[in-house]
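4 protein chains.
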Amino acid sequence: MSPPRRPGRPPSQLARTKILKTAHDMLIKDGFGRLTVEAVAAQSGVGKPTIYRQWANASELAMAALMSGGPVKLEESGTNLRSALTAQMRSLVQAFATTRGRQITMTLAAADPESEYTKAFRNQVILSSREAGRALLQEATVRGEVTLPQDVEVLLDMIYGPVYYRLLVGHRPLDAGFAESIVAIALDAVANADRKPR
Amino acid sequence: MSPPRRPGRPPSQLARTKILKTAHDMLIKDGFGRLTVEAVAAQSGVGKPTIYRQWANASELAMAALMSGGPVKLEESGTNLRSALTAQMRSLVQAFATTRGRQITMTLAAADPESEYTKAFRNQVILSSREAGRALLQEATVRGEVTLPQDVEVLLDMIYGPVYYRLLVGHRPLDAGFAESIVAIALDAVANADRKPR
Amino acid sequence: MSPPRRPGRPPSQLARTKILKTAHDMLIKDGFGRLTVEAVAAQSGVGKPTIYRQWANASELAMAALMSGGPVKLEESGTNLRSALTAQMRSLVQAFATTRGRQITMTLAAADPESEYTKAFRNQVILSSREAGRALLQEATVRGEVTLPQDVEVLLDMIYGPVYYRLLVGHRPLDAGFAESIVAIALDAVANADRKPR
Amino acid sequence: MSPPRRPGRPPSQLARTKILKTAHDMLIKDGFGRLTVEAVAAQSGVGKPTIYRQWANASELAMAALMSGGPVKLEESGTNLRSALTAQMRSLVQAFATTRGRQITMTLAAADPESEYTKAFRNQVILSSREAGRALLQEATVRGEVTLPQDVEVLLDMIYGPVYYRLLVGHRPLDAGFAESIVAIALDAVANADRKPR
DNA sequence: CCTTAAACGAGACGGTACGTCGAGTCTTTCC
DNA sequence: GGAAAGACTCGACGTACCGTCTCGTTTAAGG
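Residue numbers (the working numbering), protein chains in the order written: chain B, 1 to 198; chain C, 199 to 396; chain A, 397 to 594; chain L, 595 to 792.
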């Protein structure tokens, strides 16, 4: 009933905070490739074992740092699918069109895909918007606005995949019209219409 | 008229081949994270400087190894857009649904995005199918099969991005129906129809 | 009063011992030219950085290894200058007439003459016998056995220099009579005598 | 009857000269430790094999460079042993009191003591003055100026050894009075005298 | 209040790989 | 057919980090 508190000195919340702060700054400034446990320890004034006690390697630390700001907040105001989805995509693109987006991509690429830590990162940072989008689509279906294709998963990938595709490949920037264009094309594919009889 | 041959011992084509072969095998077997110049040199019986004379680091070497098999061959038979695009996507998915696909993704993520080598890799390995797809779409437009949206670039990203998205994030496999589903949804977005008057 | 212990894990005395032992063996067996930090690390089962943390390069390591056996012990029994100096020279020649002597010479030649490490090596290994000899000469002067020349430094160089000269140039071996001959000639130069009036 | 000309392109005397010049400059400027075949080839505009065709390694090249200026010229004017020997020692000290002296010492220390090249270097550069000194001593003996000790070799080592001893150990400079002091002490040891009856 | 136990900083440890330099050899074209 | 140029294999360099391991020092909970 009592909180099962173990004896001994409890982990320092301050140390954890300093580590994550330093790691995040370093990620933004120098990129994932320069994020070393050694440097984070030195710069945050913390011993290396204190880091290794919480994260197994630099990838996990990077993921923790990228998650530490809380989940990406997505605006989803909108009375119909188009406006809601556009608002969401706009804030998503805005959040990723920075250095941070590229670092998230690189961190994910470097992470052990089987690790629990990686799965949590994936769900919180990468797939949460995809799930939000799925909800929007389902609501719109209920409202009769759209008719979803058989394979909704693929539709979702077609909406959210291009964001990471551009970050990864870098052939084109994540710019302003990107969100609108995606929504427009996606809705053309699913929009209900008397005009789409067959 | 004579071939402008420089003096000195010419680079050994054999060495180059052995290096690329070893690097490719190592990529497939152990992954990009384990591909070290040291190990490639040791395993291919080549000196490290011989590797560094041609590639600046492990990333470039990995890209060279992944390109050394020649470009991915895409089937594009088909009389209409749907069949041609489906054939292409099928062979693309098949080519990437292996370990190689994941390694290509990780290699690209780790590469210096500004390097000339990276750009070549991107064009040859990642974007060549996208360009082929663009050609298919344009031909179909000429034939009157489809009406392209304003932002064709985004449409192309929606077709090819999901492949890398799934490789990168790993939330779903690149399976059989994937190619068909993408083509189906994409064509729904652009298919010409009297049924889509305005 | 308490020993001023710095924080952190203390250097491993075992590692240091293993390194010096290995380096010394290698010096005697293969010579200074073959003493590489790489080989010492491999053979002593120690990481390279552990060596570099204590010595800046192979020269310093070699000097440390040559000093690690403690200073050369010189016998100096003798009631008069001749017997004392002869005893000292005999043990000096014996100590240097081995491979070790040649390695000391080569190590000294290769060392940075300005380095503090080199100076310590010089004083402990090369000049300590010279200083002992100076003491013997001074005592004998006090006893009235000899009259020293103006430039005692040169006299000392004439006594001890030939040892290293033969090691370096190799024109003649460091053999048994060498010690006696040097002492005999040196004493001829300084021996007091009514026979050497003015 | 025809001059015995071998076929093929004759060795370039110019190349040889350039190599030796470059090697000598490099020795004086950067020291023996920095004299690499690579650098000499690059700086003299000659291929490495051209160097290796004539010298087996950097040591031999260094010795050749140090010998290329011709033997050290020693003044030996003097009517009696003291003046002749002093003149000789003065010019010897002067010749070696420069960077060149130290490089000669280091080169000798690094050379393979068994090699023919090393022996030639030793005889021409190191021991020639010693032999000249032996001649002076013998002439003086004939003239009745001095009585040589049993072991003349050791006496010679005591005269010439200190020069290299100071160069090698560096505890004292090769300065002006050095030559005089050595001669003075040496002559005290061998000077004939009624004053030295026993 | 005073053990007890864990987390702390510091930093050395054995390792792996880095990217560079130089050695000495080999292969080609040029005189 | 040797000179010259330059790529080759090889080995060692000295550095950066890895992830682990003592150390001696806090810091809190529980006896």
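For glycine and all other residues, C-beta sits at the position ideal for the given N, C-alpha and C.
Counted within 10 angstroms of its Cβ, other Cβ atoms place residue i as buried (16 or more) or exposed
| i | result |
| --- | --- |
| Leu136(B) | buried |
| Leu410(A) | exposed |
| Ala650(L) | exposed |
| Val342(A) | Limits of chain A in this structure are 397 at one end and 594 at the other, which puts residue 342(A) out of reach. |
| Ser210(C) | exposed |
| Thr418(A) | buried |
| Arg405(A) | exposed |
| Ala770(L) | exposed |
| Arg82(B) | buried |
| Arg402(A) | exposed |
| Thr680(L) | buried |
| Asp386(C) | buried |
| Met199(C) | Residue confidence is low: Met199(C) scores 39 on pLDDT, short of 50, so the model does not pin down where it sits. Its coordinate-derived value is still stated next. Classification for Met199(C): exposed. |
| Asp194(B) | With a pLDDT of 42 at Asp194(B), under the threshold of 50, the modelled position of that residue is not reliable, and no figure is offered here. |
Residue j beta carbon less than 8 angstroms from that of residue i
| i | j | result |
| --- | --- | --- |
| Gly557(A) | Asn588(A) | no |
| Val190(B) | Leu148(B) | yes |
| Gln637(L) | Arg610(L) | no |
| Ser59(B) | Ala111(B) | yes |
| Ala678(L) | Ser685(L) | no |
| Leu768(L) | Val687(L) | yes |
| Ser577(A) | Val748(L) | yes |
| Ser464(A) | Leu416(A) | yes |
| Lys226(B) | Ala41(B) | Lying outside 1 to 198, the shown extent of chain B, residue 226(B) is not represented and no answer is given. |
| Gly268(C) | Pro113(B) | no |
Cβ-Cβ separation, residue j to residue i (assumed contact under 8 angstroms), whole Å
| i | j | result |
| --- | --- | --- |
| Arg332(C) | Val350(C) | 7 angstroms |
| Thr503(A) | Phe574(A) | Not a contact, Cβ separation roughly 22 angstroms. |
| Val323(C) | Ile357(C) | Actually they are not in contact, since the Cβ atoms of Val323(C) and Ile357(C) sit about 17 angstroms apart, beyond 8 angstroms. |
| Val631(L) | Ile645(L) | 5 angstroms |
| Asp553(A) | Tyr711(L) | No, Asp553(A) and Tyr711(L) are not in contact; Cβ-Cβ is about 29 angstroms, not under 8 angstroms. |
| Ala505(A) | Ala689(L) | With 8 angstroms as the limit, Ala505(A) and Ala689(L) do not qualify as a contact, their Cβ atoms being about 19 angstroms apart. |
Same chain, Cβ closer than 6 angstroms to residue i, neighbours up to 5 away in sequence not counted
| i | result |
| --- | --- |
| Gly497(A) | Leu563 |
| Met620(L) | Leu629 |
| Gln88(B) | Leu74, Glu76 |
| Glu733(L) | none |
| Ala295(C) | Leu372 |
| Arg568(A) | Arg562 |
| Leu655(L) | Ala617, Trp649 |
Same chain only: Cβ atoms within 8 angstroms of residue i, ignoring 5 sequence neighbours per side
| i | result |
| --- | --- |
| Leu66(B) | His24, Leu27, Arg100, Gln103, Ile104, Thr107, Phe121, Val125 |
| Lys216(C) | Ser242, Gly243, Val244 |
| Ala186(B) | Leu85, Leu155, Met158, Ile159 |
| Lys623(L) | none |
| Val542(A) | Leu477, Leu533, Ala536, Leu583, Val586, Ala587, Asn588 |
| Lys119(B) | none |
Same chain, Cβ closer than 7 angstroms to residue i, five either side skipped, listed in chain order
| i | result |
| --- | --- |
| Ala460(A) | Leu416, Trp451 |
| Lys394(C) | In this prediction, Lys394(C) has a pLDDT of 46, which is less than 50 and means its spatial position is unreliable; what the coordinates show is noted afterwards. Answer for Lys394(C): no residue qualifies. |
| Gln348(C) | none |
Task: Uninterrupted alpha helix (DSSP H) stretches inside the segment 443–483 of chain A (no shorter than 4 residues) - done: 444–448, 454–463
- [ ] Return the chain-ordered ranges of every alpha helix (DSSP H) run that is complete within the segment 111–180 of chain B and spans a minimum of 4 residues.
- [x] You should have 116–121, 127–142, 152–169.
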